[in-house]
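First the structure, in the form of structure tokens, and then the observations on it.
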Amino acid sequence: MAYSGFDLSGKAAFVTGASRGIGRAIALGLAESGADLFLCSRTLADLQAVAREVRARGRKAEVAAVDVGSVESIQAGVGAALRTFGQIDILVNNAGINKPLPALEVTEDNFNEHVAVNLKGLFFCAQAVGRTMVARRTGKIINISSTLGIVGAAPRSVYSMTKGGVTLLTKALALEWAPFNVHVNAIGPTLIRTDLTRFVQDDPVAYDRMLAKIPLGRAGEVQDVVGAAIYLASPASDLVTGHLLMVDGGWTAQ
Ligand SMILES: NC(=O)c1ccc[n+]([C@@H]2O[C@H](COP(=O)([O-])OP(=O)(O)OC[C@H]3O[C@@H](n4cnc5c(N)ncnc54)[C@H](O)[C@@H]3O)[C@@H](O)[C@H]2O)c1
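Structure representation (structure tokens):
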């Protein structure tokens, strides 16, 4: 008999930044494990296509434009998901931006934009969904941090700062909501080949410099992150909270 610990049948998942990249791959992976999906991104572009892919896997899917930089938009999106599915069992806080600049060139706008999306947006999504999970005494929150959530890299001071914040926020929320059986964990991906990292992939010197940091010797594909997300969303991880699960090819083992 197959191990049933990864079964997500009957669960509803809310995924931010689900239109492409890691968010899309995680959404499809959760659907393949049985979850229904509420798919959000800053705009509706591409979301309907992902919803069709979810439905093709036999699961329900709804979409909404949610700008995580706006608390009002987050609250509207979470309200719509609750009206659609009645509950949210899994939150994947995936939406994020990375617009690197040397520290001496960082502008106030660049700084504020990273904080608004990567940190404030993630916090208020966790708060809006966490409120309902705490009330129901059940839930799984998965925050997408980064390798750069525990080690620094130039010229990514502001991005690293936000991802370090995500790592510690994960631990603090895990402690606060553990009495309510709400699990809060994070994933720390290495360099994954998505639109977000196109500028690195297109720069052979920068790309090779990053690959040299990865003992397993390759960059990640979005599919490399999916298993970690299914694990942290599922009953298999019921005694795991406050954890940062690295999917980094060994980068941070050094
Ligand atoms: N690609 C990597 O190498 C890598 C490594 C570590 C961590 N991460 C993290 O993984 C997450 C996903 O990255 P990706 O590589 O798939 O990026 P991506 O740029 O391919 O996709 C990002 C998604 O977030 C959405 N988004 C951006 N701003 C938003 C906003 N204000 N409100 C709502 N949605 C918004 C985009 O529309 C898109 O759907 C990010 O948090 C990123 O920091 C990526």
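In terms of the working numbering, the sequence shown has 53 at position 65, counting the first letter as 1, and numbering is strictly consecutive. Where a beta carbon is used, it is the ideal one built from N, C-alpha and C, also for glycine.
Buried or exposed by the 16-neighbour rule on C-beta atoms within 10 Å, applied to M121: Burial call: buried.
Whole-number beta carbon distance between N173 and L220, since they are thought to touch under 8 Å: Contact flag correct, Cβ pair sits at about 5 Å.
Distance, A224 Cα to L89 Cα: One C-alpha to the other measures close to 40 Å.
Cβ contact (3+ pairs, closer than 8 Å) linking the stretch 191 to 203 and the stretch -10 to -1: The stretch 191 to 203 is not in contact with the stretch -10 to -1.
G109 and G57 closer than 9 Å at C-beta: Between G109 and G57, the CB-CB gap stays under 9 Å.
Pick from R47, I76, G205, S61 that is closest to T126, judged by C-alpha positions: Nearest in C-alpha terms to T126, of all of R47, I76, G205, S61, is I76.
CA-to-CA distance, G74 to D190, given in whole angstroms: The alpha-carbon atoms of D190 and G74 are separated by roughly 44 Å.
Cα-Cα separation between A0 and K151, rounded to whole angstroms: Straight through space, the alpha carbons of K151 and A0 are spaced by roughly 26 Å.
Near ligand 1: N173 beta-carbon under 8 Å from a heavy atom: Relative to ligand 1, N173 has its C-beta separated by 8 Å or more from all heavy atoms.
Other residues of its chain near A68: CB distance less than 7 Å, five sequence neighbours each side excluded: Short of 7 Å from the beta carbon of A68, and not among the five residues preceding or following it, lie these beta carbons of its own chain, in chain order: A52.
Extent of the continuous beta strand (DSSP E) to which K243 belongs: Residue 243 falls outside the range modelled here, since the chain spans only -11 to 242, and no answer is possible.
Span separating the alpha-carbon of L32 from that of A49: Rounded to whole angstroms, L32 to A49 spans 14 Å at the Cα level.
N100 beta carbon near ligand 1 (any heavy atom closer than 8 Å): Incorrect: N100 has no Cβ contact closer than 8 Å to ligand 1.
Where A123 falls, given that 16 or more other Cβ within 10 Å makes a residue buried: That one is exposed.
Simplified DSSP state of A224, which is helix, strand or coil: Secondary structure of A224 (DSSP, three-state): helix.
Near ligand 1: L18 beta-carbon under 8 Å from a heavy atom: No, the beta carbon of L18 sits no closer than 8 Å to any heavy atom of ligand 1.
Near ligand 1: V54 beta-carbon under 8 Å from a heavy atom: Yes, Cβ of V54 sits closer than 8 Å to a heavy atom of ligand 1.
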